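This report concerns only the one structure given below.
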Amino acid sequence: MMDINKHMHFVKNSAELDALRNALLKSKEYNSEKVFVCAGGGCIASGSMKVKDAFISQLATNGLGEKLSVMETGCLGPCAVGPIVVIGKDDTFYQKVRVQDVKDIVEKHLMGGKVVENLLHPVEEIKVSKKSELPFFKNQDKQVLRNCGKIDPTKIADYIAVGGYQALSKVLSTMTGEQVVQEVSISGLRGRGGAGFPTGTKWGFARKSQDETKYILCNADEGDPGAFMDRSILEGDPHSIIEGMIIGAFAIGSSQGYVYVRAEYPLAVERLQIAIDQARTFGLIGPNILGTGFNFDLEIRKGSGAFVCGEETALITSIEGNRGEPRPRPPFPAVKGLWNKPTVLNNVETFSNIPLLINEGGAQYAEKGTEKSKGTKIFALAGTVKISGLVEVAVGTPLRKLVYDIGGGISSGKKYKAAQIGGPSGGCIPAEHLDVPLDYEALNKLGAIMGSGGLIVMDESSCMVDVARFFLEFVQDESCGKCVPCREGIVRMKQIVDRICDGKGEMKDLDELEALAKTVTHASLCGLGQTAPNPVLSTLRHFREEYIEHISDKKCRTAVCKELIVFKILDVCNGCQACKKVCPVHAIHGEKKLHHTIDEAECIRCGLCLSTCKFDAIVKY
Amino acid sequence: MSKGEKCSCGDDEKGLLERLEEIIVSFKNKPGALIPVLQATQSLFGYVPQEAILKISEMLNEPLHKVHGVITFYSFFSLKPRGKYLIRVCLGTACYVQGANEILTALKQQLSIEIGETTTDKLFTLDVGRCFGACGLAPIIMVNDDVHQFVKPSGVKKILGAYKKHKAVNQEEET
Ligand SMILES: Cc1cc2nc3c(=O)[nH]c(=O)nc-3n(C[C@H](O)[C@H](O)[C@H](O)COP(=O)(O)O)c2cc1C
Ligand code: FES
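Chains L and U, in that order, give the protein sequences.
Residues 0 to 620 (numbering that gives the first Met the number 0) are what the first sequence spells out, left to right.
Residues 0 to 174 (numbering that gives the first Met the number 0) are what the second sequence spells out, left to right.
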């Protein structure tokens, strides 16, 4: 085996990059047997770093420290069953691994050759051991996430070994900016940040501008609640974003980029900073990249907790150091963006697609997907599905496949009710449309949007009127207040939906909601307001009967809407008086050791009794 | 955190102000420096004190109203000192449909405070967040940088207890 360290330095040109890759591929480190431990945000929260340490010391104890190495990887996907460990040599997938399980895995499996059955993931009672055979993985098509779970995101060498920066090298040494733009156009790649604007077209606009100074920005604000795709790429494969940005910068003629990462993602910031520093050390960022005379620098700017800053003009205003309020467009950022210079802004996942499509060529890339939307899309599958986590499928894959084949169906044993797609700008897809292909056009037809990829599955225990209220509250909080239709219109819409949830609604409220929605959609300044009514409109469209029940029957079938709930104490009550003591309005009556009752007229439906009762004697309906 | 109630600029904060000056100098000639400087201030003090606002305004040559305007726009900045532990309940969609509201209710009850308030012992501040990107583990709460996953209303007491205990053990430890 060779000494790779002599290759680990500033890379002067494409030939040196190739030499480095070849050296890495032959190196002992690359070829050693590996135990992969997921170091995605979810698994870290579940304790995967302690599991990793346990592996290192256990392997040393058993004298395997030399033969086997432990690798921290980016998000493997099924966050709900973490910490996850994958054994490299036979692709065994272990879930919910605890520190005390490590000894077993090392001694029984790695030394004894026997899989540890109780840590496997059960699929309909059968235990499947191989990761590639699990339905969760088998039904996916990991392209953008190709490296997540295979490389250590904190090591640039890992990225280079699997072909990283090869696309950059190809672009800088064999293509013109114009050709790059063309290739991206041919690929049919559309922006993954929500609106689905063709990336090639956007780059083309900025390229045309004659200005000396241009900027390229990466939108890593990922504000949609229920979305964590970008987080996982930032944490699991940060170099793919950097490589995409450098290629973009070359295409449009920019030499300075910024990545705007939201404040809530400290680990993403940390890993991205490590990646940027390493790329700089290797000469892949900085002056005269790969000896081609192309210069580019990249900096991180952190967000400060404002959802609207994900909107492109607000993001730009925020980088400039101001309140993150959107500006009217035109002028579009491609003409007048950051510090009034031509600017391209793309989403994290969009940039991550770039090296892929350059390497395989735009035409090949366009093989996947639907007629109008190419490639793959990452979704953050969450809510009441059995395996929630990060999944990637070809654009146009039916929703049903995500929920049932990949996600394993509904976790609660209840029935599927809806999938919320596209966050606060999106909508709810009911059961009768489970076969809708996940692409921009088909989802729009149903009143939802593809959005950035948040996909929350809800079962029958979710109240759809309450879901509409939830999103209105979200956008009301996050509206920057600059324009009146958004600031005032959303408040008015929320008042109406509040009324309905409280059982005080009237049928004419529904018409007023729809009328208000129209005004807010058409008159708001930015995308936040323009799409804010969508959750209301889509629930009104697909779940109108629930609104009507709230209004005319004063009933919430899911017992979510507080004012319409009735609390009742069942016969199992043993009179312990715990509920009676916590009831803030003394609505619970009964003698010690005797069955208690709730006075409905006095009850304020705070639910304290329910959460206090240790005997499950209180129900709500 | 600060000992004197009247002047928010306690002895230890004097040292921090000097540290802040160095930070401002290091950002001085960068475009768009205001927000990174405020972020540094927030993590240095745990909030943005009046003295820091004056200093930033003067040194970066930004009008006071602008500095103030930026601080109040972003939820990450706080004009009031926060407790040692900032508890943020995720009210993002995934957490919401998995019962986040009930966790919030339980926390309010346990701590006897409302959203945005700090307990009298200055240990906990209660706040809400809109998705921390850990939706696969919903419902979650964050206590400073720790993620607590699959939280149940009945488990809240235990989580708080662990931090109270930690505080008792590390009486002298300060950030
Ligand atoms: C209120 C609002 C929030 C947004 N948040 C994000 C976000 O968090 N991430 C993102 O990539 N795009 C977000 N967008 C879309 C951006 O404005 C922009 O279209 C996108 O980043 C462009 O990149 P793309 O072409 O690669 O999709 C948001 C838009 C609006 C109106
Ligand atoms: S919705 Fe709570 S972490 Fe995403």
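Don't be surprised by glycine CBs; every beta carbon is placed ideally from N, CA and C.
Note that the structure is predicted; figures quoted are calculated from it, not measured.
Selection 385(L), 310(L), 10(L), 65(L) evaluated against residue 33(L) yields 65(L) as nearest (Cα-Cα).
Closer than 8 Å to the CB of residue 321(L) there is at least one CB belonging to chain U.
Buried is the label assigned to residue 361(L), since at least 16 other Cβ atoms lie within 10 Å of its Cβ.
Relative to ligand 2, the beta carbon of residue 130(U) is positioned inside 7 Å of a heavy atom. Rounded to whole angstroms, residue 131(L) and residue 387(L) show a C-alpha spacing of 17 Å. Between residue 143(L) and residue 352(L), the gap from beta carbon to beta carbon is short of 8 Å. Contact between residue 234(L) and residue 356(L) does not hold, since the beta-carbon distance rounds to 23 Å and is not under 8 Å. By the neighbour-count criterion, in which 16 or more other beta carbons inside 10 Å mark a residue as buried, residue 620(L) falls on the exposed side. Of the other Cβ atoms in all chains shown, 16 or more fall within 10 Å of the Cβ of residue 135(L); this residue is therefore buried. By the neighbour-count criterion, in which a residue is buried when 16 or more other Cβ atoms sit within 10 angstroms of its Cβ, residue 262(L) is buried. Within chain L, the residues whose beta carbon sits less than 8 Å from that of residue 144(U) are 265, listed in sequence order. A direct Cα-to-Cα measurement between residue 50(U) and residue 28(U) gives close to 22 Å. Two segments are said to touch when three or more pairs of C-beta atoms, one from each, lie closer than 8 Å; by this definition the region 265–277 of chain L touches the region 234–246 of chain L.
Residue environment for residue 494(L): exposed (fewer than 16 other C-beta atoms within 10 angstroms of its C-beta). By DSSP's assignment, residue 458(L) forms a beta bridge with 415(L).
Against chain L, the beta carbon of residue 74(U) has neighbours under 7 Å at 304, 305, listed in chain order. Contact between residue 74(U) and residue 46(U) does not hold, since their C-beta atoms are separated by about 13 Å, which reaches or exceeds 8 Å. Looking at the DSSP output, residue 29(U) bridges to nothing. Beta-carbon to beta-carbon, residue 94(L) and residue 109(L) are separated by about 17 Å, too far to satisfy the 8 Å threshold.
Residue 379(L) holds the alpha-carbon nearest to the alpha-carbon of residue 422(L) among 502(L), 149(L), 379(L). In this structure, the alpha-carbon of residue 48(U) lies about 39 Å from that of residue 452(L).
Proximity of chain L to residue 33(U) at the Cβ level (cut-off 7 Å) is accounted for by 320, in chain order. C-alpha of residue 156(L) to C-alpha of residue 19(L): approximately 9 Å in a straight line.
Interface residue (Cβ-Cβ distance to chain U less than 8 Å): residue 325(L) is not classified as such.
Going down the chain, each residue whose beta-carbon is closer than 5 Å to a heavy atom of ligand 1 shows up: 190(L), 192(L), 193(L), 194(L), 196(L), 218(L), 220(L), 221(L), 222(L), 309(L), 310(L), 311(L), 345(L), 346(L), 349(L), 526(L), 527(L). In terms of side-chain proximity, the C-beta atom of residue 133(U) is found nearer than 7 Å to a non-hydrogen atom of ligand 2.
Secondary-structure assignment with DSSP links residue 70(L) through a beta bridge to 35(L). Within chain U, the residues placing a beta-carbon under 7 Å from that of residue 381(L) are 93, 134, 135, 137, ordered along the chain. DSSP places residue 64(U) in the uninterrupted alpha helix (DSSP H) bounded by 63–72. Beta-bridge partners of residue 120(L) (DSSP): 127(L).
With respect to chain L, the C-beta atom of residue 68(U) has a partner C-beta closer than 8 Å. Residue 119(U) and residue 244(L) have their C-alpha atoms spaced approximately 48 Å apart. Contact note: residue 45(L) reaches chain U through 136, 148, using a C-beta cutoff of 8 Å and chain order. Within the same chain, 397, 398, 428, 441, 442, 445 come within 8 Å of residue 435(L) by CB-CB distance, once the 5 residues on both sides are set aside. Less than 8 Å separates the beta-carbon of residue 457(L) from that of residue 417(L).
Pairing residue 102(U) with residue 155(U) gives a Cβ-Cβ distance under 8 Å.
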